[in-house]
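Numbering (this note's numbering), first residue to last: 29 to 95.
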């Protein structure tokens, strides 16, 4: 089992607060099985828009197969 944390910030124009300003925080867990041939990832992404807050957080589930 592996835990991961990612923080992102994007502001294309630092002179104004507008709809393009974005902050995201991702918290994830990775679970490996069959050695490291298979991986299941679960991520929760908190998205924060400054100008127009939107309820658009995301829960992601992914399976990866190594071969």
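Glycine residues also receive a C-beta, built at the ideal position from the N, C-alpha and C atoms.
If you measure between the beta carbons of residue 69 and residue 52, is that distance less than 9 Å? Your numbering for residue 69 matches position 41 in the chain shown. Your numbering for residue 52 matches position 24 in the chain shown. Their beta carbons are not under 9 Å apart, which means residue 69 does not touch residue 52 by this criterion.
Name the one or two DSSP bridge partners that residue 53 has. Along the chain shown, one-based indexing puts residue 53 at 25. Answer is 35, 74, bridged to residue 53.
Alpha carbon to alpha carbon, what distance is there between residue 32 and residue 74? The count along the chain shown starts at 1 and reaches residue 74 at position 46. The count along the chain shown starts at 1 and reaches residue 32 at position 4. Between residue 74 and residue 32, the C-alpha separation is close to 14 Å.
One or two residues paired with residue 86 in a DSSP bridge: Locating residue 86 in the chain shown gives position 58, where the first residue counts as 1. According to DSSP, which records beta bridges pairwise, residue 86 is partnered with 73.
Alpha carbon to alpha carbon, how far is residue 29 from residue 43? Within the chain shown, residue 29 is the residue found at index 1, counting from 1. Within the chain shown, residue 43 is the residue found at index 15, counting from 1. Going from the Cα of residue 29 to the Cα of residue 43 covers about 42 Å.
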